[in-house]
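Chemist:
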Amino acid sequence: MTATPRLEISHIAKSFGGQKVVDDVSLSVMPGQVTCLLGPSGCGKSTTLRMIAGVESPDAGQIHVDGQLICGDGRDVPPESRSIGLMFQDFALFPHLSVAQNVAFGLKLDRRAARARVEELLGKVGMGRHIDRFPHELSGGEQQRVALARALAPRPKVMLMDEPFSGLDDRLRDDIRDETLDVLKAEGTAVLLVTHEPGEAMRMADEIALMRDGRIVQRGAPYNIYNTPVDRKAAAFFSDIN
Ligand code: ADP
Ligand code: MG
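Reminder that position 100 of the sequence shown reads as 100 in the UniProt record's numbering, one-by-one numbering, no gaps.
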């Protein structure tokens with residue numbers, strides 16, 4: 001018996017003004033796994049994520065979560081009902097809400113259960129002591145940790161992350177990447193992580209989907225892709241790994 005992917009995208013496509021920016025993209029993420037959508041700027045990564053999140057409609061294809069059709073064949077489940085969490089670089093915290101209020105925002109739990117979930121998650125991301133602070137009182141890395149807790153609070157089945165670490169300075173970035181992975185793995189969330197940095201994909205992914213000009217050109221385990229690039233362009237892309 002093969003397990004059902006947590007997230008499965010089949011043959012999705014999107015054009016803007018006659019230009020195909022996502023062209024027949026298929027990929028999947030298993031529970032507790034990280035799939036990296038890796039490719040240069042402008043290749044269609046964010047558009048792909050926006051279609052999965054439900055804020056952009058695909059022209060073709062299907063999207064399934066846990067085997068349930070959420071988009072395609074005339075079906076279009078609204079974003080808030082897709083059980084998908086989002087973490088984007090510019091996905092800011094609400095400035096007028098405390099850390100606790102930010103994490104509790106949108107939780108459909110009674111006050112005590114919400115508080116327990118907020119404390120549990122802030123503990124996991126190492127922010128338990130800052131529960132009553134406000135976003136402007138936190139460093140960039142601390143804000144990122146709170147954003148992670150907020151995205152995980154409603155227990156999404158899938159987490160979509162679009163270059164979530166690119167605003168952080170180098171020293172902090174490695175730590176936050178590792179901590180984020182630990183928390184996501186402990187929660188069992190399936191992660192689709194978008195990045196243009198091969199080093200980040202190598203570090204974080206269980207599987208890499210290499211994208212170019214709107215298409216997936218290669219899929220596989222990080223070291224297979226690194227050691228056996230599909231063509232010269234892929235080899236060159238991996239050669240300036242940092
Ligand atoms: P990436 O995230 O890989 O950098 P994007 O998905 O953001 O790439 O963009 C892919 C291409 O689609 C780019 O050429 C971009 O300019 C174009 N694009 C994205 N969104 C829109 C839009 N709403 N209208 C027109 N063109 C768009
Ligand atoms: Mg992008």
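Don't be surprised by glycine CBs; every beta carbon is placed ideally from N, CA and C. Note that the structure is predicted; figures quoted are calculated from it, not measured.
1. Could you say which of Val65, Tyr223, Gly42 lies nearest to Ala53 if we only look at CA atoms?
2. How big is the Cα-Cα spacing for Gly120 and Gln101?
3. Just to confirm before moving on: does the CB-CB distance between Leu192 and Leu7 stay below 9 Å?
4. Could you give the distance in angstroms between the alpha-carbon of Ala201 and the alpha-carbon of Val125?
5. Can you tell me whether Gln19 is buried or exposed? The criterion is at least 16 other CB atoms within 10 Å of its CB, across all chains shown.
6. Quick one: is the Cβ of Met211 within less than 8 Å of any heavy atom of ligand 1?
7. Going by CA-CA distance only, name the one from Gly220, Ala3, Arg177, Tyr223 that's closest to Ser166.
8. Going by alpha carbons, who is nearest to Ser28 out of Leu38, Ser10, Lys14?
9. By a C-beta neighbour count over all protein chains shown, 10 Å radius and 16 as the cutoff for buried, is Ala116 buried or exposed?
10. Cβ atoms of Ala92 and Pro135: under 9 Å apart, would you say?
Modeler: Per the coordinate set shown:
1. Val65
2. According to the sequence shown, residue 120 is Glu rather than Gly. Looking at the two C-alpha atoms, the distance is approximately 14 Å.
3. In this structure, Leu192 lies near Leu7, with their beta-carbon atoms less than 9 Å apart.
4. 21 Å
5. The residue in question, Gln19, is exposed, as its Cβ has fewer than 16 Cβ neighbours within 10 Å.
6. yes
7. Closest by alpha carbon: Arg177.
8. Ser10
9. exposed
10. For the 9 Å CB-CB criterion, Pro135 and Ala92 form a contact.
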